[in-house]
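**Q**
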Amino acid sequence: MRLRGVKGIREALEQQPELVVLNPKDYKGSWASKFFKNNNPIHVELGMGKGQFISELSLLNPEINYIGVDMYDELIRKASIKARRSRETNDQISLANLALVLLNIEQISEAFAEGEIAVIYLNFSDPWPKARHARRRLTHAGFVNQYTKLLHKDGQIQLKTDSMSLFEFSLNSFADLGLRMRNISLNLHGEGLRTDLVMTEYETKFSGQGMPIYRCEVILGEQKLQTNTEASIAEEVPSIAPTAQSEG
7 MRLRGVKGIR EALEQQPELV VLNPKDYKGS WASKFFKNNN PIHVELGMGK GQFISELSLL
67 NPEINYIGVD MYDELIRKAS IKARRSRETN DQISLANLAL VLLNIEQISE AFAEGEIAVI
127 YLNFSDPWPK ARHARRRLTH AGFVNQYTKL LHKDGQIQLK TDSMSLFEFS LNSFADLGLR
187 MRNISLNLHG EGLRTDLVMT EYETKFSGQG MPIYRCEVIL GEQKLQTNTE ASIAEEVPSI
247 APTAQSEG
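Residues in the sequence shown are numbered from 7 upward in steps of one, following our numbering.
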């Protein structure tokens with residue numbers, strides 16, 4: 007994705023220090039205490055786009071600190087507008103549990119300390135369909151190994167995508183690393199929209215077109231597994247029908 011620069015965008019972002027973080031490395035290891043000023047768990051969306059998902063989650067769960075990450079300042083700007091408008095619509099003013107971070111995901115280990123994150127969301131990431139670009143996929147082992155270090159011992163990764171090929175690649179990547187998966191869905195909204203889950207902009211669009219949405223959760227830690235016995239834990243990677251549609 008390439009976005010044209012908007013005149014004065016950096017200045018506009020600099021005027022929002024309570025929401026926008028342009029130097030995330032300054033908070034490494036101290037996001038909760040230094041930025042959010044509490045001890046609440048931290049959930050991070052990598053590649054948040056226009057910010058609908060992370061903004062809505064932060065509204066619904068004030069007891070959790072949310073961080074939306076993207077490498078494009080224009081998307082950070084759009085997400086900041088969306089976050090403020092969502093507060094106005096819901097008669098809420100506080101942005102205290104939300105941060106929008108300008109960061110290349112390749113540098114994530116420079117912005118977060120080991121064990122600092124509770125949940126990582128990967129929503130509709132670029133599938134990088136060509137084999138030679140596999141290392142750029144956000145579920146490639148090179149990235150996932152970083153995530154597992156940054157997640158605390160009972161943390162998790164939640165993945166959603168419309169790309170069959172990326173989902174299959176991701177399930178195999180997680181399995182090869184010995185990670186446990188649960189709630190694997192090959193058509194998340196196949197029986198009607200899941201109102202218990204917050205949707206992204208792409209998810210709303212694609213599910214409205216009848217496209218399947220793939221989702222799974224990766225669980226770290228035996229304690230986390232034991233406290234979620236009601237969830238089905240996948241021991242094997244399920245086969246994916248070759249006729250399923252995919253759009254990058």
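Just so it is clear, CB atoms sit at the ideal spot from N, CA and C, and this is done for glycine as well.
1. Can you give me the Cβ contacts of residue 195 inside the same chain, cut-off strictly under 7 angstroms, excluding the 5 residues immediately before and after it?
2. Helix, strand or coil: how does DSSP classify residue 202 here?
3. Kindly list the residues whose CB is nearer than 6 angstroms to the CB of residue 157, restricted to its own chain and excluding five residues on each side of it in sequence; keep chain order.
4. Identify the residues that DSSP records as bridge partners of residue 108: which are they?
5. Just to check my reading of the structure: residue 140 and residue 146 have Cβ atoms closer than 8 angstroms, yes? What is that Cβ distance to the nearest angstrom?
6. Going by alpha carbons, who is nearest to residue 121 out of 190, 162, 69 and 175?
7. Any heavy atom of the ligand FAD closer than 7 angstroms to the Cβ of residue 154?
8. If you reduce the DSSP assignment to three classes, tell me which class residue 55 lands in.
9. Taking the straight line between their C-alpha atoms, what separation do you get for residue 54 and residue 91?
10. If you count every other CB in all the chains shown that lies within 10 Å of the CB of residue 39, and 16 or more means buried, which is it?
11. Report buried or exposed for residue 210, applying the criterion of at least 16 other Cβ atoms within 10 angstroms of its Cβ.
12. Could you spell out where the beta strand (DSSP E) holding residue 160 opens and where it closes?
**A** The answer reads as follows:
1. In the sequence shown, the residue the question calls residue 195 occupies position 189. 213 and 219, listed in sequence order.
2. Counted from its first residue, the sequence shown places residue 202 at position 196. Looking at residue 202 - three-state DSSP - the assignment turns out to be coil, as it is neither helix nor strand.
3. By 1-based counting over the sequence shown, the position of residue 157 is 151. The beta carbon of residue 157 sits closer than 6 angstroms to those of 123 and 226, all from its chain and outside the five residues before and after it, given in chain order.
4. Counted from its first residue, the sequence shown places residue 108 at position 102. Looking at the DSSP output, residue 108 sits in a beta bridge with 76.
5. Residue numbering aside, residue 140 sits at position 134 when the sequence shown is read from its first letter. Residue numbering aside, residue 146 sits at position 140 when the sequence shown is read from its first letter. Confirmed, about 6 angstroms.
6. As a position in the sequence shown, residue 121 is number 115, starting the count at 1. When each option's Cα is compared against that of residue 121, the closest is 162.
7. The ligand FAD is not among the ligands present in this structure, which contains no ligands whatsoever.
8. Here residue 55 refers to the residue found at position 49 when the sequence shown is read from its first residue. DSSP places residue 55 in coil when its eight states are reduced to three.
9. Translated into positions along the sequence shown, residue 54 becomes position 48. Translated into positions along the sequence shown, residue 91 becomes position 85. The straight-line gap from Cα to Cα measures roughly 17 angstroms.
10. Looking up residue 39 in the sequence shown gives position 33. Taking all protein chains shown into account, residue 39 has fewer than 16 neighbouring C-beta atoms within 10 Å of its C-beta and is therefore exposed.
11. Here residue 210 corresponds to residue number 204 of the sequence shown, with the count starting at 1. In summary, residue 210 is exposed, with fewer than 16 beta-carbon neighbours lying within 10 Å of its beta-carbon over all protein chains present.
12. Mapped onto the sequence shown, residue 160 falls at position 154. Where residue 160 is concerned, the enclosing beta strand (DSSP E) stretches over 157–167.
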